[in-house]
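**Q** Below you'll find the structure I mean.
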Amino acid sequence: RHCLSAEYLEGRTMADSSPNPTHKQLCYSILRYISNLGDIKELSLSEDQVESSEVALQCLSEATGFSLQDDGCSMSAPLFDIFTAGIKALNESQPAPLRKPTTATATANKDNIPDVQKDPRFPKFIENITSKGYFKGLTTGTEAYENRYQKAVSAFAQKFIKAKDTAKKATPSSHVATEEDKKKAAGLKTEANKLMQSGQFKAAVEGYTQAIKLDPSNSIYLVNRGVALYKLHRYEDAEKDCQQALKLDPDYDKAWMRLGQIQMALKTYEIALNSLKKALEIAKTPATKNACKKLIGMAESSIEANPKPKQDSASLPPNPNPTEGLNMSGIDMNNVMGALQGMGGIEGLASMLGGMGGAGGPGGAPSMDGLASMLNSLGGMGAMG
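Numbering (the numbering used here), first residue to last: 2 to 386.
Here it is in structure tokens:
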């Protein structure tokens, strides 16, 4: 009990509308942990379980109001490390020592850092994010600092370095894959899947792209690359990949589901709802059906929470054709003109309509509704063809 701080005791409930920083960091850490479940080798999650965890991630994000893009809430270490250290502290009544990076880890990190640091804008970029607290609480040289630094390098490369847009290579190809091509493509897809499991999404995109070049008619490769692009928050490119996959295989249930999931991220909720309903309609496994149902519920909730603004009729432009929409069928215009003459012409009709309650317009002028009613009644006198 002596380990509980005053800050924890004051903020131990989530009932407050604006949770304190401790709860924000905890929510973000939980979301980050769930997003990486598929990468934890000890769990050995199946593909369906990974899909379910992604749906759970979106549900928790909706429920808490936090997302993985709230980098300002990140902790100095992963949630599992914090949990492990906390258990050890409770058991031993003393804080766990900070794990120092090994030589192998430092070498691997150094090898993975691209040459973007040579870009003259990079030092300014690091200076800017440092001033905003990106490395707050981290000690230079620690593994946590190096991991954060690597993410900064990747973010800079993605945002500022003009590399080849591999996603745009998803256009239909005239290349017909040979059996040898298909075999090589399958191997590249397997390697890309491993890269996905280890969180190397950018490298996975490259791997799937190579597989697509060899076997462009394989819709699975396109959807897999779409998922990798989704992980990199490149939602528009991810959407294009799934749409291309559906051109190749319109009955690919997971392509429809992934498309809907991506469209949710794009906040096109009604379009996403249609995609998800299509996925549910043709879903082949119970896991896919359950995932679709949860995503459909989220899409419907998002539509209710973001209703389209109703246009005020007073703000509508004037109708250049005021008689448009009137029912003129069955009206003999010769009889109409004759009746008008009998009433003293249009002036007589206007006077007549002005004297009818609610039929006249402003200043006694005939309203279009009143005129329509009069014309339709006169239509009964005409000859029917």
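The C-beta atom is built at its ideal place from N, Cα and C for all residues, glycine as well.
Everything numeric in this text was worked out from a predicted model, so none of it was measured.
Under three-state DSSP, which class holds Y253?
**A** coil
**Q** Write down the C-beta distance between R226 and T210 rounded to the nearest angstrom, noting that I regard them as a contact closer than 8 Å.
**A** 7 Å
**Q** So, with DSSP's three-state summary, where would you put V206?
**A** In this structure, V206 counts as helix in the three-state DSSP scheme.
**Q** Just to confirm my understanding: we take T140, look at its own chain, exclude 5 residues before and 5 after, and list those with CB closer than 7 Å. What are they?
**A** Y146
**Q** Helix, strand or coil: which one does DSSP assign to S45?
**A** In the structure shown, S45 adopts coil according to DSSP, grouped into three states.
**Q** Just verifying my parser: in three-state terms, what is the DSSP assignment at K232?
**A** Assignment of K232 by DSSP, reduced to helix, strand and coil, places it in the helix class.
**Q** Take the Cβ of H176 as the centre, count every other Cβ of all protein chains shown within 10 Å, and call the residue buried at 16 or more, exposed below.
**A** exposed
**Q** Rounded to a whole number of angstroms, what is the C-alpha to C-alpha distance between N194 and D40?
**A** 10 Å
**Q** Do you know how far the Cα of D254 is from the Cα of K163?
**A** The predicted model places K163 with a pLDDT of 46, which falls under 50 and marks its position as unreliable, so this point remains unresolved.
**Q** Can you check whether the CB of Y29 is closer than 7 Å to the CB of C74?
**A** yes
**Q** Measure the Cβ-Cβ separation of A229 and A266 and say whether it is below 7 Å.
**A** no
**Q** Take G200 as the anchor and find which of K183, Y34, T143, Q26 has the nearest alpha-carbon.
**A** Y34
**Q** Please classify G138: is it buried, with 16 or more other beta-carbons within 10 angstroms of its beta-carbon, or exposed?
**A** Note on G138: under 16 other CB atoms within 10 angstroms of its CB, so exposed under the neighbour-count rule.
**Q** How is A239 classed by DSSP in three states: helix, strand or coil?
**A** helix
**Q** If you draw a straight line from the alpha carbon of I130 to that of Y222, how long is it in whole angstroms?
**A** 36 Å
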